[in-house]
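Everything below concerns the one structure shown next.
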Amino acid sequence: MCRARCRRRCSGRGPTTRWTCRTSEVAEATGVDRFLRLRRMSRLIRSFVRTFRQLVPTSAAGHRARGADRAAGTLRGAAAALLRAALQRQGPSAWRCPRRAPCGATSGWVARTSTGCSTRTSGVDKADGQKVQKQSRKDKKESLDTNGVPWSIPSGGSVARMFGQPSVLPEEDELPGFRAALEEYAAEMFRLSKKLLSIMARVLGHPADFFDQYLTAPVATHRLLHYWPLEDFQTEIGVGEHTDYGLLTVLAQDTVGGLQVLNAKDGRWVHCVPIPNAFVVNLGDMLARWTNHKFKSTIHRVVTISRKERYSVPFFLEPNMDAQIALGGILPAGEAPAAPGDTAEDILERFYRASGQLKPRGAAGAPAPPRESEAGAGAAHGQPSFEPPPRVSSQ
Ligand SMILES: O=C(O)CCC(=O)C(=O)O
Ligand SMILES: [Fe+2]
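Be aware that the sequence shown starts at 1, since it is given in full-length UniProt numbering, and climbs by one per residue.
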């Protein structure tokens, strides 16, 4: 039996305090954890559905997001089914994948951690890998990360393989329609992102379809976020100050508010007041680097000042992992030659190493990357020392 505050029965091996119980063992032994997870997820998904309802038919780019509307309808049904399942204690068993999970999956529910602090950037170019700092305040949020481009098979090394993994989600019979609705919404966000990028391409003096060549096997994360109200502003935050590291982020937020953007000119935080029927679009570090900061990445954070819980749904887009992202390389005049280490994958890897999600190369104690055969079913591509994905408080 577990000691401390946990009465769950463990396998009897080793120390059995609440904090050292392995979720899988607890779930196996009692089924309780599974039930709790299901309840938690049902709340998250219900609120996600509410956020969807607020999604507008018309986005910032005048793009009609019919898919998002349809997906909202499907999700309403899916959430109801999930709740029913929760009541009957028939929850899915494996769709929460804790970070550092042996299965190495890169998506799934990322719980609020008891110790984790977000990382933040002290500059706007994390692409150089050295500017990530530890925040002193803890993020008070949880999320469900899913693969935003499930059809894409990114090619490259371990980062590409990590992102190419399927999402950890309830099975169809556990939550009918949920996967389809997520995919439909993500596909719509991908279309919208491409539309926005085509406008940017023209601003940069390129043909409208310029970015398409870099988006044939992209990487994207579709995230469902839930924030609790903050109780102590000294020690807690929604998400710490950061820039997203990819190309761009299309974000739907509810009406609670809390997203803030840094005005680089006067150093003040500006509230990104929710506008009904609008998406927020953040530019990421890769776009900043590619344009030599002609397009700046958005420094933002979430400080939930309301007593209400907050929900948001960002869609983060990165290009093909082998896209060369040289500093200023996308500017038509004076194309900078790409140097080794300039691919999107190199940049992501540097970021993960600098933020501690990936151990430095050759670090003492750094576990060796598992061989493919050791990776297990959930890590079909063999995820090494990655603590999977969440673009942490980065993204
Ligand atoms: O929830 C939000 O509004 C922003 C979330 C965010 O910035 C992130 O996850 O990178
Ligand atoms: Fe962000």
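All C-beta atoms in this analysis are idealised placements derived from N, C-alpha and C, irrespective of residue type, glycine included. No experiment lies behind these values; they were computed from the predicted model shown.
Judged by their CB atoms, V302 and I237 are nearer to each other than the 9 angstroms cut-off. A Cβ-Cβ distance of about 5 angstroms is found for the pair N282 and D244, placing them in contact under the 8 angstroms criterion. Annotation for E349: the continuous alpha helix (DSSP H) segment containing it runs A344 to A354. Closest option to M286, judged by alpha-carbon separation, among P276, N277, L197 and D266: L197.
For I299, the three-state secondary structure derived from DSSP is coil. Per DSSP, E318 lies in no alpha helix (DSSP H) segment; the continuous beta strand (DSSP E) that holds it begins and ends at R310 to E318.
W290 is classed as buried because its beta carbon has at least 16 other beta carbons within 10 Å across all chains shown. Just measuring C-alpha positions, the residue of A264, S143 and R350 sitting nearest V239 is S143. Contact check for P218 against F190 passes: the beta carbons are separated by less than 9 angstroms. Contact check for F210 against A220 fails: the beta carbons are separated by 9 angstroms or more.
Of the heavy atoms belonging to ligand 2, at least one sits nearer than 8 angstroms to the Cβ of D244. Non-local beta-carbon contacts of G156 in its own chain, meaning distances under 7 angstroms to residues more than five positions away in sequence, involve M321, D322 and E345 in chain order. G329 sits away from P319, with the two beta carbons spaced by 9 angstroms or more. Annotated as distal: L182 and S193, with beta-carbon spacing of 9 angstroms or more. Counting only unbroken stretches of 3 or more residues, no beta strand (DSSP E) element lies wholly within the stretch 175 to 211.
Per the C-alpha coordinates, the member of G246, F315, F233 and W228 positioned closest to F351 is G246. Assignment of R307 by DSSP, reduced to helix, strand and coil, places it in the coil class. Residue environment: V273 is assigned as exposed (fewer than 16 neighbouring CB atoms within 10 Å of its CB, all protein chains considered).
Residue state for A252 is assigned as strand, using DSSP reduced to three classes.
At a cut-off of 8 angstroms, the beta-carbon of G148 does not count as near ligand 1: no heavy atom of the ligand is closer than that. For D285, the enclosing alpha helix (DSSP H) covers residues D285 to W290. Of Q234, A252, P150 and P154, the smallest CA-CA separation from V280 is found for A252. In the three-state DSSP reduction, Q260 falls in the strand class (E or B). Annotated three-state conformation of A339 is coil, per DSSP. Secondary structure of V281 (DSSP, three-state): strand. Taking 9 angstroms as the cut-off, the Cβ atoms of H271 and L259 count as close. For D212, the number of other beta carbons within 10 angstroms of its own is below 16, and it is reported as exposed. The alpha-carbon of R179 is positioned some 7 angstroms away from that of L169.
According to the DSSP assignment, S152 belongs to no alpha helix (DSSP H), since it is labelled neither H nor E. Contact annotation: H226 and Y311 have beta-carbon atoms nearer than 9 angstroms. Per DSSP, the beta-bridge partners of H271 are Q260. Ligand 2 has no heavy atom closer than 8 angstroms to the beta-carbon of H271. When only Cα atoms are considered, V149 and T216 end up about 11 angstroms apart.
Annotated three-state conformation of V168 is coil, per DSSP. Out of L230, H300, A354 and L331, the CA that lies nearest to the CA of L262 is found in H300.
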